[in-house]
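**Student:** Taken in order, the sequence shown gives residues 1 to 76; the numbers are from full-length UniProt numbering.
Handing you this structure, nothing more for now.
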Amino acid sequence: MANPITEHLNEVDESYGEHLVTASGFGLRMMAAGFLCFVHGILPFLFKRTASDTVSALHDEMVIKRRKAYDEHWVI
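Pasting the structure below:
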């Protein structure tokens, strides 16, 4: 039976520690963007693009990491 933890770590080509740091960093940035989005809801003139810019940057980083992991394991 496959271990779901090691299976995912192999898919993303990260050690447990690397994954912990990466995922935690993404999560903290998402929480910060969420808080600023809340502030924007109260004060619409503040943080007009912060949440969407953060989501876009996180998406780009994740796609680059995913593509790199895929390319390193691709075999003809």
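Every residue, glycine too, gets a C-beta built ideally from N, C-alpha and C.
Everything numeric in this text was worked out from a predicted model, so none of it was measured.
Let me know the secondary structure DSSP gives Glu14 once reduced to three states.
**Tutor:** For this step, residue 14 is matched to residue 14 along the sequence shown. Coil, per DSSP.
**Student:** Output the distance between the C-alpha atoms of Gly4 and His19, rounded to the nearest integer angstrom.
**Tutor:** On the sequence shown, position 4 is the one that residue 4 refers to. On the sequence shown, position 19 is the one that residue 19 refers to. The residue you asked about is not Gly; residue 4 is Pro in the sequence shown. The alpha-carbon atoms of Pro4 and His19 are separated by roughly 14 Å.
**Student:** Let me confirm a value: Phe47 is counted as buried when at least 16 other C-beta atoms fall within 10 Å, else exposed. Which label applies?
**Tutor:** Locating residue 47 in the sequence shown gives position 47, where the first residue counts as 1. Flag for Phe47 reads buried.
**Student:** Quick test of the definition: if touching needs 3 or more C-beta pairs under 8 Å, does the stretch 34-47 touch the stretch 55-70?
**Tutor:** no
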